[in-house]
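Below is one structure, written out as structure tokens; the observations come after it.
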Amino acid sequence: MIQEIFQRIGVSNRVFIEFGVGDGTENNSLYLLLSGWRGLWIEGDKANAVTISQKFSTFMQSGKLTFLHKFVDRDSINGVFVNAQFSGEIDLLSIDIDGNDYWVWEVISEVRPRVVVIEYNAVFRPPLAIVAEYNKDFAWNGTSYYGASLKALELLGLRKGYALVGCSLSGINAFFVRQDLVHDKFCAPWTAENHFEPPRFWFYKIGPLDMHPPGVGNYKNV
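Each residue of the sequence shown is one higher than the one before, counting from -11 in my numbering.
Structural data, given as structure tokens:
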């Protein structure tokens, strides 16, 4: 889907930023890195950080990849970008931190991505616009209590100047394109009602279908 989006809108500087990259072997920007793009990865898990440092050392030494082992929150994210010397327009921003994704995207101002990929909580169908309340120390416990509904992200995207152009078939990632680039290149309307995909988490599960069992917590309507 990322490749198709850029085929439609073209690329600018071939720069990406992704945080919540796992061990680096399965994320939204690995293909771009292998295709010669330059970017920043941020990952908080220590074991994943060790794997990245070992397996992607060549890319870091060449200057194609900057890697930071740290947790990010809405108070620190812009400073992290500045310190890593990433600012202004970039082609892709990918956010997958299993909880505070909405709140972090809301405050990002140091970079101006042309495309944003962000995880949504597909348990909550449109038109429900809710977000798990912000908790700096939030740690996902594997249940359905996390993140934001697609409608909430659609509305946030509108405020930030982005149009929702599609979702992954698995019901995990939502794809946004900056409004000045959309034109007639994607399927209108740019709404959660039009582009919502239900949770199909079993696409990524081997064995019993026990992913994302019911969970509850404090939510905020947006």
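Backbone N, C-alpha and C define an ideal beta-carbon position, used for all residues, glycine too.
With DSSP as the reference, label residue i as helix, strand or coil.
i	result
Ser82	strand
Val111	coil
Val60	coil
Phe7	strand
Glu31	strand
Phe74	coil
Arg147	helix
Asn161	strand
Hey, how far is the Cα of residue i from the Cα of residue j?
i	j	result
Gly24	Gln49	14 Å
Phe30	Glu6	With the sequence shown as reference, residue 30 is identified as Ile, and Phe is not the correct amino acid for it. Their Cα atoms are separated by approximately 6 Å.
Val(-1)	Pro114	31 Å
Tyr134	Gly145	19 Å
Gln(-5)	Asn16	16 Å
Ile(-7)	Val204	35 Å
Ile78	Ala110	27 Å
Gln42	Val103	29 Å
Ala37	Ser45	11 Å
How about residue i and residue j: do their beta carbons lie closer than 9 Å?
i	j	result
Lys139	Glu181	yes
Leu169	Leu152	no
Asp84	Asn161	yes
Lys52	Val68	no
Ser82	Ile118	no
Along the chain, where does the alpha helix (DSSP H) that runs through residue i open and close?
i	result
Ala120	Ala120 -> not in any alpha helix (DSSP H); beta strand (DSSP E) instead, spanning 118 to 120.
Val170	167 to 170
Phe(-6)	-10 to -3
Tyr90	89 to 95
Asn182	180 to 183
Excluding the 5 residues flanking residue i on each side, which residues of the same chain have their C-beta closer than 6 Å to its C-beta?
i	result
Trp91	Arg62, Tyr122
Ile40	Gly12, Phe55
Leu20	Phe4
Val9	Asn15, Trp29, Glu31
Ignore the nearest five residues each way along the sequence and tell me which others in residue i's own chain have a CB closer than 7 Å to its CB.
i	result
Pro202	Thr131, Ser132
Gly76	Val99, Arg100
Met(-11)	Gly154, Ser156, Phe163
Counting along the chain, where does the beta strand (DSSP E) carrying residue i start and finish?
i	result
Tyr150	150 to 155
Lys208	207 to 209
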